[in-house]
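One structure is given below, encoded as structure tokens.
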Amino acid sequence: MTTRKPFICGNWKMHKTHLEAIALVQKVHYLLRPQDHDAVEVGVAPAFTALRSVQTVIESDNMPISLGAQNCHWQDHGAFTGEVSPGMLAKLKCQYVIAGHSERRALFGETDETVNKKAKAIFAAGMTPIVCIGESLEQKDAGLTEEIVGTQARASLAGLTSEQLGQLVIAYEPVWAIGTGRNALPEDANQTIALIRKIVGELGGAPAANAVRIQYGGSVKAANIASFMAMPDIDGALVGGASLDAEEFALIVRYRGD
Ligand code: 13P
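Following this line, the structure appears as structure tokens:
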């Protein structure tokens, strides 16, 4: 029996000013019931500029909503104009930081090596990384999904302790499914996620493999979330576009339909 609590996190990407972000988190909170939070860990990852405001609202209204950032540098301080350090995010009471989202890999030169450094730095600052991995359409069409995902997982997670591997969150996000409306088939996503879990087991042992939470991401919406959550190895979702709409996101969190 698994004891992994599902984790559904909204990745707001480069959307929402801090004022809009406050309104969105308040609306999400209003739409969710205590039993929803009992069943699912709910998180939001606003832009850097909105983190402080959203954190203040979460804390002052006692919202059971986890706060995540979308990126960070791996150094704790220094001459890195435009970057934000893990320590700064920890001070804002971020619990999670997304590392290696495919948009950052594709558009901003992130590599498995930088993702690995970030994952270690996020842990060192007392937060939990959400490490993203996934294959492109060309790689999928060439039958390389397992090879690419395996390579990314091994390199991105290299050197983490067994304990860290067990605490980690991994988001499997096939690049071709992100923002396209074309979600992966739940069975296919589950198969790849099971492979990632196996690799975590090879790196950190069976307890880590059993504990690590692995989300699916890519065109998740209220209409398809239940089919993903029915899969044994899928422990939640990293939700992009659909998380910007409070009603839709609340329906995603309430995928059990009760
Ligand atoms: P969409 O849900 O918009 O496809 O984005 C997925 C994603 O990239 C979450 O990190």
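Note that this note's numbering gives residue 178 to position 191 of the sequence shown, counting from 1, and the numbers run on in steps of one. Glycine included, every Cβ here is placed at the ideal spot set by N, Cα and C.
Local Cβ density within 10 Å of residue i, reported as buried at 16 or more and exposed below that
| i | result |
| --- | --- |
| G30 | buried |
| I17 | First, the amino acid is wrong: residue 17 is Tyr here, not Ile. Flag for Y17 reads exposed. |
| E90 | buried |
| R241 | buried |
| M114 | buried |
| M(-12) | Residue confidence is low: M(-12) scores 49 on pLDDT, short of 50, so the model does not pin down where it sits. Its coordinate-derived value is still stated next. Exposed, since its Cβ has fewer than 16 Cβ neighbours within 10 Å. |
| K(-8) | exposed |
| D128 | exposed |
| E234 | exposed |
| K105 | buried |
Residue j beta carbon less than 8 Å from that of residue i
| i | j | result |
| --- | --- | --- |
| F215 | A181 | no |
| K208 | A193 | no |
| P51 | A86 | no |
| L155 | V118 | yes |
| A237 | Y203 | no |
| L144 | H2 | no |
| G(-3) | V162 | no |
Host alpha helix (DSSP H) of residue i (start-end)
| i | result |
| --- | --- |
| V12 | H5 to L18 |
| I165 | Premise fails: I165 is in no alpha helix (DSSP H) and is neither H nor E. |
| Q57 | Run containing Q57: none; DSSP gives neither H nor E here. |
| A213 | I212 to M216 |
| F35 | F35 to S47 |
Element boundaries [beta strand (DSSP E), containing residue i]
| i | result |
| --- | --- |
| R200 | R200 to G204 |
| A93 | Here A93 belongs to no beta strand (DSSP E); instead the alpha helix (DSSP H) covers S89 to L94. |
| G30 | E28 to A32 |
| L225 | G223 to V226 |
| V118 | T115 to I120 |
| G(-3) | F(-6) to N(-2) |
Three CB pairs or more closer than 8 Å across the region 61 to 68 and the region 20 to 40: Cβ pair count under 8 Å is below three, so no.
Residues passing the C-beta test against the ligand 13P heavy atoms, cut-off 6 Å: The filter returns N(-2), H88, E160, I165, G166, G204, G205, S206, V207, L225, V226, G227, G228 and A229, in chain order.
Contact the region 194 to 207 vs the region 144 to 164: 3+ CB pairs below 8 Å: Because the criterion of three Cβ pairs below 8 Å is met, the region 194 to 207 and the region 144 to 164 touch.
The region -9 to 10 in contact with the region 33 to 49 per 3-pair CB rule at 8 Å: Taking 8 Å as the limit for Cβ pairs, the verdict is that the region 33 to 49 does touch the region -9 to 10.
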